[in-house]
Structure formats: C-alpha cells, structure tokens
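**Student:** Protein chains in written order, with the numbering used here: chain A, 31 to 207; chain B, 3 to 207. Note that CB positions come from ideal geometry on N, CA and C, so glycine has one too.
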Amino acid sequence: MNRYQFEDLISEYIDNQLPLQKRKEFELYLNGNPDAIAKIQSVQSILYKIKRLPKKKANLRFNEKLMDRLKLDSSHNKRRLYGGKLFFGFTPINATLMAGLLVAFIIIIVNIVNPSGELEIMQKQFYTNETAYKKQNTENLKLENVNDTLNNIVNSKSDSIKKNKKDYSEKIKFVND
Amino acid sequence: MKQNSFNLSMMSLDKQTSQFIYTDEELIGLFQSGDENAYIELVNRYKDRLTNFVYQFLGDIEQAQDVVQETMIKLYHKKHYYREIAKFSTWIYTIARNLANTELRNRKRKKTVYLSQMSRKEQDYEITAVQPNVDQNIENEFIRKRIYASIHKLDEHFKTVIILRDLEELSYEDISDIVGVPLGTVKSRINRARLQLQADLQDLI
C-alpha cells in the first residue's frame, strides 16, 4: 500500500467499513509509519469535535405552528382553486356537478311521470307517415291524369281517323242486290 | 382533514413520551391509510434531526425551522408519493435537502440579510457574557465557529455528505440514496471532505 492508497481509505478505516483483508493491509501500513498514525489521529480528533457540536432543536411551539400552517395551507389552497366563491355552500366544481345531476334527474322524472310523451312520439311518427302517404297519393294521381290525357289523345285520334274514312256503303251495290 | 381530533391528539402527544413501537415505514403506512396520529409521531421523531440538518446548510435557525415546517407540510400533502422501496428517513431527508437548496438559491438571488440572523449573534453574545467560566466558553465558542466556518467553506457536495455522515450520523447507504450518487462516490466524497477539514483545522488539534 502506498501513501495515496492509504489516504483514500482513511475514512473507511475510521468508520469500520473496510473488508478484513483491506483492513489488515491498512494496519500493516500504519505500523511502519508514524506520520500515517498521526494523520489518522488528527482526522479522528476533528470528527470528535464535529460530533460534539451542539445540536439545534426544533422550537417548543413547532407542532403548534405546524398545525396553524396546515390549516392556513388547506384554506389557502381551497381559495386558490375556487377563488373563494361558494354557490349555495358548494364550490364551483361541486355546484356545476350538482346542477348537472339535478337537470338529469328532472328529465328522468318528467319522462317517467308524463306518459303523453310516448303518445306525442307516436303521433309525430303517424303524421310523418301520413304526409309521406299523401305525397305518394298525389304523385299517383298525377300519373293517372297523365295516363287519362294520353288515352284521350289516342281515342280522339282514332275517332278522327274513323271520321276521315269515307262511307261507301250506300254507293256500293252488289250485283245480286 | 379532521381538524379537531388532529389538533387534540397533537397536543396530547406533545406532552407525553411516545409509546410507539412502530418503525418509520410502518408509521408512514398507517398515515397513508388515514391515521393522523402516525403523522404526528413522524413529526416528533424527525423535527429535531431535520432542524439540525437544515440549520447546517442555512446557518439560520428561524429559516431552518421554516424549511422543516415546509418539509412536514409536504409530508402531509404528498404522503401517497412515498413507496416502501426506500427508507422513510432517506425520503424525508431528501425532501428537506431539496427545500434547503431552494432556500439557498432564493437567498443568493435576493442577497438579503435577515433580522433573525442579526438577533442570533446578539443572543450568542449575551449567553457567553453571563456564563461563569468566561475563558472556557469563549474558547469553545471560537472552536465551534471555526468548525462551522470550515464546513461551510467546503464545496456543496462535500458539505452535504459531511453533514449527513458526521452530524446526522447516517449510514453510507442512506447518504447514497439521499444524494443520489453511487456508494463509491459517497465514500470518496466523505474521505476528501474530512481530509480538507483536517487540513483546514490543523491548528485546533
């Protein structure tokens, strides 16, 4: 072990963190080196002084103050989140939720209590069907009219053809007559 | 929050010596499931240790107490963030250390002198003046101030490990968890910090 290796291991030696083999090597180095022993003693002395430094303690009213701060903190957080406004004793988020639930509840109740709601739906369906039927009817009527006019035209034409034909029945006489 | 019961139980626990036999991890488990007495027990266990720890960073007892209170408030509100993978002590020390660092950064930015810091010096002076063995006290005070000054002169990462190891007496493993560096780095930092202190305080030995 050289001086640098020794210096690297001083704290681990003092804190008893060295594995057995390393510790033996370290102590072997110490045995033949009074400067190294002095160094170890010097570090140990400083550590002893540091450990004897007076420890600071929390104030006697620490818990009381902490409680006050916790209370203050929770009310401050509420105020920061909701701007300190309450609606009927509810925070804005809770008030919105409650209003939504109330509206949903009212709609459900109206649907349960008022059975005419269904009738209205059926009536609406009926009316929509009827108008569709009427539309269909008028279209059919139009088609029928068109057919009639076409038939009339055809009939009138055939009549005119018939009229245009010359009647030779009286003019023609058979021999035997 | 059950404010009234909480307040009452806190007062009673303040006065009597604690009879809890729970570990810190069991206590935080109880607190997570709603037992606020467990929170109070944790506060009582850690308030002095954390005050001393934070004081070493800030050098002002009033501010240190404020930071510890912040730490306890965080513990109250963020209790569900704790997972039993880590030791409770390392978790709470980490919170306190981060808050102390934030306070130090704020202080550097503002560069203010606090009234509490001024009054602390006055108090120190008054105490030494009324002691019977004046010379001894002055010498002790001088040594104490030299040691504090040497610790404060250390680099931030050396100072943290020295405070955690030699003032708070935490294990190397816990320090590694709190600081978030490997165990080997912690060992080397502790060693280098101690050697620096030894060199700086040579004349005290």
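For B/V70, go through chain A and note every residue whose CB falls closer than 7 Å to its CB, in chain order.
**Tutor:** Near B/V70 (Cβ distances below 7 Å), the residues of chain A are A88.
**Student:** Would a check of beta-carbon distances place B/T162 closer than 8 Å to chain A?
**Tutor:** Taking Cβ atoms only, chain A never reaches closer than 8 Å to B/T162, which makes this a no.
**Student:** Give a yes or no on whether 8 Å exceeds the smallest Cβ distance from A/R99 to chain B.
**Tutor:** By this cut-off, A/R99 is an interface position.
**Student:** Would you mind stating whether B/V183 and B/Y174 have Cβ atoms separated by less than 8 Å?
**Tutor:** The answer is no: Cβ separation not under 8 Å.
**Student:** Does the Cβ of A/R91 have 16 or more other Cβ atoms within 10 Å, making it buried, or fewer, making it exposed?
**Tutor:** Classification of A/R91: exposed, given that the 10 Å Cβ count is below 16.
**Student:** For the region 38-52 of chain B against the region 147-155 of chain B, do three or more pairs of beta-carbon atoms, one drawn from each stretch, fall closer than 8 Å, so that the two count as touching?
**Tutor:** No, the region 38-52 of chain B does not touch the region 147-155 of chain B.
**Student:** Going along chain B in order, which residues have a C-beta closer than 8 Å to the C-beta of A/E42?
**Tutor:** Residues of chain B passing the Cβ test: K189, N193.
**Student:** Please name the residue in B/L199, B/R111, B/I177 whose C-alpha comes closest to that of B/A88.
**Tutor:** Considering only alpha carbons, the answer is B/I177.
**Student:** Find the nearest neighbour of B/G186 within the set A/Y59, A/Q47, A/I80, A/F36, judged by alpha-carbon distance.
**Tutor:** The shortest C-alpha separation from B/G186 is found at A/Q47.
**Student:** Mapping the DSSP letters down to three states, classify A/F117 as helix, strand or coil.
**Tutor:** Note: A/F117 maps to strand in three-state DSSP.
**Student:** Note down, in chain order, each residue of its chain lying with its Cβ closer than 8 Å to the Cβ of B/I164, except the 5 sequence neighbours on either side.
**Tutor:** For B/I164, where only same-chain residues beyond five positions count, the Cβ hits under 8 Å are I153, L156, I192, A195, R196, L199.
**Student:** How about B/L166 and B/I180: do their beta carbons lie closer than 8 Å?
**Tutor:** Yes, they are a contact pair.
**Student:** Given this structure, state the Cα-to-Cα distance separating A/L83 from B/G36, to the nearest angstrom.
**Tutor:** Taking the straight line joining both Cα atoms gives about 38 Å.
**Student:** Assuming B/V69 contacts B/A102 (C-beta within less than 8 Å), just tell me the rounded distance between them.
**Tutor:** Sure, about 5 Å apart at Cβ, within 8 Å.
**Student:** In or out: A/L102 buried (at least 16 other Cβ within 10 Å) or exposed?
**Tutor:** It is exposed - the Cβ of A/L102 has fewer than 16 other Cβ atoms within 10 Å.
**Student:** Along chain A, which residues have their Cβ under 7 Å away from the Cβ of B/Y84?
**Tutor:** Within 7 Å Cβ-Cβ: nothing; B/Y84 doesn't reach chain A, min ~18 Å.
**Student:** Using the beta-carbon count (16 or more within 10 Å), is B/Y78 buried or exposed?
**Tutor:** Answer is buried; the Cβ neighbour count reaches 16.
**Student:** Using 8 Å for Cβ pairs, my map puts B/I97 next to B/K76. What's the rounded Cβ distance?
**Tutor:** Going by Cβ atoms, the distance from B/I97 to B/K76 rounds to 6 Å, so yes, they are a contact pair.
**Student:** Which residues in chain E sit within 7 Å of A/Q155, going by Cβ to Cβ distance?
**Tutor:** Given the protein chain composition of this structure (A and B), no chain E is represented.
**Student:** What does B/R1 touch in chain A if you count any residue whose Cβ is under 7 Å from its own?
**Tutor:** Nothing can be reported for residue 1 of chain B: it is not among the residues displayed for chain B, which extend from 3 to 207.
**Student:** Whole angstroms are fine: how far does the CA of A/T168 sit from the CA of A/L180?
**Tutor:** Near 18 Å, if we compare the C-alpha coordinates of A/T168 and A/L180.
**Student:** By a C-beta neighbour count over all protein chains shown, 10 Å radius and 16 as the cutoff for buried, is A/M128 buried or exposed?
**Tutor:** Exposed, by the Cβ-count rule.
**Student:** Please classify B/I129: is it buried, with 16 or more other beta-carbons within 10 angstroms of its beta-carbon, or exposed?
**Tutor:** Any answer about B/I129 is weak, because its pLDDT of 44 lies below 50 and its placement is not dependable; what the coordinates show is given next. Exposed is the call here.
**Student:** Measure the C-alpha to C-alpha separation of A/Q74 and A/A88 and round it to an integer number of angstroms.
**Tutor:** Going by the C-alpha atoms only, they are around 29 Å apart.
**Student:** Applying the 10 Å Cβ sphere with the 16-neighbour rule, what's the burial state of B/V56?
**Tutor:** B/V56 is buried by the Cβ-count criterion.
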